[in-house]
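Just below is one structure, and these are the notes that go with it.
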Amino acid sequence: MTGKQKKSGFTMIEVLVTLIILSIGLLGLAALQARSMVSNHNAYLRSQAIQSAYDIGDRMRANMAGVNAGHYNNVSGAAADPACITAGCSPAQIARYDAFQWNKLLNQQLPSGQGTISGNGSHFVISVMWNEARNEASGTGCDPSDANDLQCIQVDMRL
Numbered sequence: 052m053t054g055k056q057k058k059s060g061f062t063m064i065e066v067l068v069t070l071i072i073l074s075i076g077l078l079g080l081a082a083l084q085a086r087s088m089v090s091n092h093n094a095y096l097r098s099q100a101i102q103s104a105y106d107i108g109d110r111m112r113a114n115m116a117g118v119n120a121g122h123y124n125n126v127s128g129a130a131a132d133p134a135c136i137t138a139g140c141s142p143a144q145i146a147r148y149d150a151f152q153w154n155k156l157l158n159q160q161l162p163s164g165q166g167t168i169s170g171n172g173s174h175f176v177i178s179v180m181w182n183e184a185r186n187e188a189s190g191t192g193c194d195p196s197d198a199n200d201l202q203c204i205q206v207d208m209r210l
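To convert, note that position 107 of the sequence shown is 158 in the working numbering; the numbers rise steadily by one, no gaps.
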């Protein structure tokens, strides 16, 4: 009896190939999870920006005397706190206070967050800008193809 014995089982090469394929699959899953987390964070920032735009719109509706007098026509950058809350504010001071609080909120909630309001009468464009993933971006042109511009959303508002 000099016949060969048949052995069952896996060879070392088969096990190594299986481990390599499994490792590549797990690396793909990890990359997918990381990308998902980045997308989720970006969606969070966008929702914060939209909420902030509607916040200043609500503040403007609450101060229609300030809107009608043109105190919200060209708001940009950080405004100074008028410090009139305890003594009573005029519509102009309320508008400055709203701009101060709004830009403070944007700066706290969004990376490099800032906002502008342009318009007159009853039609306004509210722009909210933040640095989503554009390192060293600082432009405020709201051009998505310009890598130097911050990420931006614009809301048209009629009061």
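Using N, Cα and C, we set each Cβ at its ideal position, and we do this for glycine too.
Minimum C-alpha distance to residue i - residue among the options
i           : options             : result
residue 122 : 56, 192, 141 and 85 : 141
residue 163 : 70, 91, 100 and 75  : 100
residue 107 : 149, 58 and 62      : 149
Within 9 Å, strictly: CB atoms of residue i and residue j
i           : j           : result
residue 130 : residue 151 : yes
residue 97  : residue 204 : yes
residue 208 : residue 176 : yes
residue 124 : residue 170 : yes
residue 128 : residue 154 : yes
residue 206 : residue 95  : no
residue 160 : residue 103 : yes
residue 114 : residue 145 : yes
N-terminal and C-terminal residue of the beta strand (DSSP E) that residue i is part of
i           : result
residue 207 : 202–209
residue 107 : Here residue 107 belongs to no beta strand (DSSP E); instead the alpha helix (DSSP H) covers 63–113.
residue 174 : 174–181
residue 168 : 165–171
residue 211 : The structure shown does not extend to residue 211, since the chain spans only 52 to 210, so no value can be given for it.
Assumed close pair residue i, residue j - CB separation to whole angstroms, cut-off 8 Å
i           : j           : result
residue 182 : residue 201 : 6 Å
residue 147 : residue 210 : At roughly 18 Å, the Cβ-Cβ gap does not stay under 8 Å, so residue 147 and residue 210 are not in contact.
residue 168 : residue 126 : 4 Å
First and last residue of the uninterrupted alpha helix (DSSP H) at residue i
i           : result
residue 160 : 142–160
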